[in-house]
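S.K.: Next up is a structure, given as structure tokens.
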Amino acid sequence: MIDPGPLDPGADTALFLQELYAHALLVRCLVTVAEQGIADRLGPGPKTAAELAAGAGVHDETLYRMLRFLASFGFFAEDDTGRFRLTPRGEFLRMNVPGSVRDRLRRPWQDLLWRTYEHIPEMLRTGVTAFDRAHGQSFFEYLGSHPEINTIYDRSTARLSQIENPIIAENYPFGDFPYVVDVGGGRGGLLAAILDRHPQVYGVLCELPQVAAEAEHLAGERHAGRWEAAPGDFLKSIPPGGDLYILKRIVHDWDDAHVLVLLKHCREALRNQARVLLIDAIMKPGNEPDPNKFMDVNIMALTGGRERTEAEFRRLFEAAGLKLRRILPLPAPVPLAMLEADLG
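First residue of the sequence shown: 986, per our numbering; consecutive thereafter.
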């Protein structure tokens, strides 16, 4: 996140605006090297741009200058002999690593985003979600009808969850809740991590039928007899009787009206001592730089959803008839918090 500092009409502001242009170019260069698999070609040892270019079938001098530019942002490092190596930041440009961003930097996904962003001015004038205007259907409808994009979305989300799920399972007393319902839990990654760490827990995966049918994280002997699928649409109903209802990275996809419907379904499903555990980012108020403010505009353009401050979460819980009891920030590198609520 760039910190522009005070916006004086002098050199500092001019430098900041120049950095903004650099960041726009940075994205296009990252897309280009991701498309060519340059990070994966580096392997364990450093290589020259010429060696990398020969393997990728690209122009060596152009690649050198591009890698030098990316090195200035910490994705690569050049040594005194002109060879490049991956940095810890650059590791995330590789394909098969937890947290990999390579899929979302490749052309199909980036082209989808840029076509969407072209409609941001119209979104400002009309309030209509930029993605809907650009593609003629909602984001999730588009995923359902475009398998390649859906695969990129699912795979990149799963790689992020590989980092997050074990940390979440370790930092909340899930073992105190015998019957845990993961609402919108995807293919069961978080539920599997919870079952692995808390053997006394029985899990329910509440997901759309076509997603629940592919819960590969819960397949096999390790979790046999300890979970079940509850196929359905969480905006219509949620299975009752759970001791804990988890909503991980769900509500930021939706506007307040839809989230209120979801939280009311949770309230209706709760027994006396049951709780809701909402796991999501909490946006900082005011002018403080915060990556979630970028995500807020991004998700507004894609789905019509929003990131929220603590005060906005509190208002939603209250409107749904729930009491927010505590907020538990998760340790790095997970940029999320756990918001625990009950019937009050």
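Backbone N, C-alpha and C fix where the C-beta goes; we use that ideal spot for every residue, glycine too.
1) Look up R1291 in the DSSP assignment and say whether it is helix, strand or coil.
2) Considering just the uninterrupted stretch of the beta strand (DSSP E) at A1062, what are its terminal residues?
3) Compare the Cα-Cα distances from R1053 to each of C1014, E1192 and V1261 and report the closest residue.
4) Contact check, R1191 vs V1166 under 8 Å by CB: the rounded distance?
5) Please list the terminal residues of the continuous alpha helix (DSSP H) segment that includes D1117.
6) Looking at the secondary structure, which residues open and close the beta strand (DSSP E) in which A1322 lies?
7) What do you reckon, are the CB atoms on V1189 and F1162 nearer than 9 Å?
8) Secondary structure at W1212, three-state DSSP: helix, strand or coil?
9) So, at 7 Å on beta carbons, what are the nonlocal neighbours of I1179 in its own chain, with the 5 sequence-adjacent residues on each side left out?
10) Near M986, which residues of its chain fall below 6 Å by C-beta distance, leaving aside the five closest residues on each side in sequence?
11) In the DSSP assignment, the alpha helix (DSSP H) including I1223 goes from what residue to what residue?
12) Taking the alpha-carbon positions, what's the D1045 to T1033 distance?
13) For Y1006, count the other beta carbons within 10 Å of its own beta carbon; 16 or more makes it buried, fewer makes it exposed. Which is it?
14) Can you grab the Cα-Cα spacing for the pair L1145 / S1085, in whole Å?
15) Determine the direct distance from the alpha carbon of H1008 to that of E1036, and round the result to whole angstroms.
16) Give me the Cα-Cα distance between G1075 and Q1095, rounded to the nearest whole angstrom.
17) Along the alpha helix (DSSP H) that carries L1048, what are the first and last residues, could you check?
18) Please identify the residue among A1259, L1263, T1136 and F1219 whose C-alpha is closest to the C-alpha of H1243.
19) So what does K1278 bridge to, in DSSP terms?
20) Is the beta carbon of L1307 closer than 9 Å to that of R1234?
21) Starting from G1129, trace the alpha helix (DSSP H) in both directions and tell me its first and last residue.
22) Do A1115 and H1104 have their CB atoms nearer than 9 Å?
23) Taking DSSP as the reference, what is the three-state secondary structure of Y1157?
24) Return the residue from the list P1270, Q1003, A1304 and N1283 that minimises the CA-CA distance to T1294.
25) Between the stretch 1167–1178 and the stretch 1118–1131, are three or more C-beta pairs nearer than 8 Å?
26) Tell me whether P1151 is buried or exposed, calling it buried when 16 or more other Cβ atoms sit within 10 Å of its Cβ.
27) Looking at C-beta atoms only, is the number of pairs between the stretch 1015–1034 and the stretch 1059–1070 that lie closer than 8 Å three or more?
28) Please classify S1141 as buried or exposed, where buried requires at least 16 other C-beta atoms within 10 Å of its C-beta.
M.R.: Working from what's here:
1) As a first step, residue 1291 is located in the sequence shown; it is residue number 306 there, counting from the start. Coil, per DSSP.
2) Taking the sequence shown and counting its residues from 1, the one referred to as residue 1062 is at position 77. Where A1062 is concerned, the enclosing beta strand (DSSP E) stretches over F1061 to E1063.
3) Translated into positions along the sequence shown, residue 1053 becomes position 68. If we check each option's Cα against that of R1053, C1014 comes out closest.
4) Taking the first residue of the sequence shown as 1, we reach residue 1191 at position 206. Taking the first residue of the sequence shown as 1, we reach residue 1166 at position 181. Strictly speaking, residue 1191 in this sequence is Cys, with Arg absent from that position. Sure, about 6 Å apart at Cβ, within 8 Å.
5) Taking the sequence shown and counting its residues from 1, one reaches residue 1117 at position 132. Residues A1115 to H1120.
6) Reading the sequence shown from its first residue, position 337 is the one you call residue 1322. Taken as a continuous stretch (DSSP letters only), the beta strand (DSSP E) holding A1322 covers A1322 to D1327.
7) Your numbering for residue 1189 matches position 204 in the sequence shown. Your numbering for residue 1162 matches position 177 in the sequence shown. Contact flag unset, no.
8) For this step, residue 1212 is matched to residue 227 along the sequence shown. DSSP places W1212 in strand when its eight states are reduced to three.
9) As a working note, residue 1179 is residue 194 in the sequence shown. Result list for I1179: A1154, F1159, V1165, V1186 and G1188, in chain order.
10) Start at 1 with the first residue of the sequence shown, and residue 986 comes out as number 1. Note that M986 has pLDDT 40, beneath the 50 cutoff, so the model's placement of it is unreliable and the number below is only indicative. Excluding sequence neighbours, M986 sits near P1274 and P1276.
11) Position 238 of the sequence shown holds residue 1223. Looking at the DSSP string, I1223 is not in any alpha helix (DSSP H), and its letter there is neither H nor E.
12) Against the sequence shown, residue 1045 aligns to sequence position 60. Against the sequence shown, residue 1033 aligns to sequence position 48. Approximately 9 Å, taken between the alpha carbons.
13) Translated into the one-based positions of the sequence shown, residue 1006 becomes position 21. Result: exposed.
14) To locate residue 1145, count along the sequence shown from 1; it is residue 160. To locate residue 1085, count along the sequence shown from 1; it is residue 100. When rounded, the distance between both Cα atoms is 7 Å.
15) For the purposes of this step, residue 1036 is identified with residue 51 of the sequence shown, where counting begins at 1. For the purposes of this step, residue 1008 is identified with residue 23 of the sequence shown, where counting begins at 1. E1036 and H1008: Cα-Cα distance of roughly 27 Å.
16) Against the sequence shown, residue 1075 aligns to sequence position 90. Against the sequence shown, residue 1095 aligns to sequence position 110. Taking the straight line joining both Cα atoms gives about 18 Å.
17) Within the sequence shown, the letter at position 63 stands for residue 1048. Counting along the chain, the alpha helix (DSSP H) containing L1048 begins and ends at D1045 to A1056.
18) One-based indexing of the sequence shown puts residue 1243 at position 258. Considering only alpha carbons, the answer is F1219.
19) Counting from 1 along the sequence shown, the entry for residue 1278 is found at position 293. DSSP lists no partner for K1278.
20) One-based indexing of the sequence shown puts residue 1234 at position 249. One-based indexing of the sequence shown puts residue 1307 at position 322. In this structure, L1307 does not lie closer than 9 Å to R1234 by Cβ.
21) The residue labelled residue 1129 in the question sits at position 144 within the sequence shown. Counting along the chain, the alpha helix (DSSP H) containing G1129 begins and ends at F1124 to S1130.
22) Numbered from 1 along the sequence shown, position 130 holds the residue referred to as residue 1115. Numbered from 1 along the sequence shown, position 119 holds the residue referred to as residue 1104. It is a contact, given that the beta carbons lie within the stated cut-off.
23) On the sequence shown, position 172 is the one that residue 1157 refers to. Looking at Y1157 - three-state DSSP - the assignment turns out to be coil, as it is neither helix nor strand.
24) Locating residue 1294 in the sequence shown gives position 309, where the first residue counts as 1. Per the Cα distances, P1270.
25) no
26) Locating residue 1151 in the sequence shown gives position 166, counting from the first residue. With 16 or more other Cβ atoms within 10 Å, it is buried.
27) yes
28) For the purposes of this step, residue 1141 is identified with residue 156 of the sequence shown, where counting begins at 1. By the 10 Å Cβ count, S1141 comes out buried.
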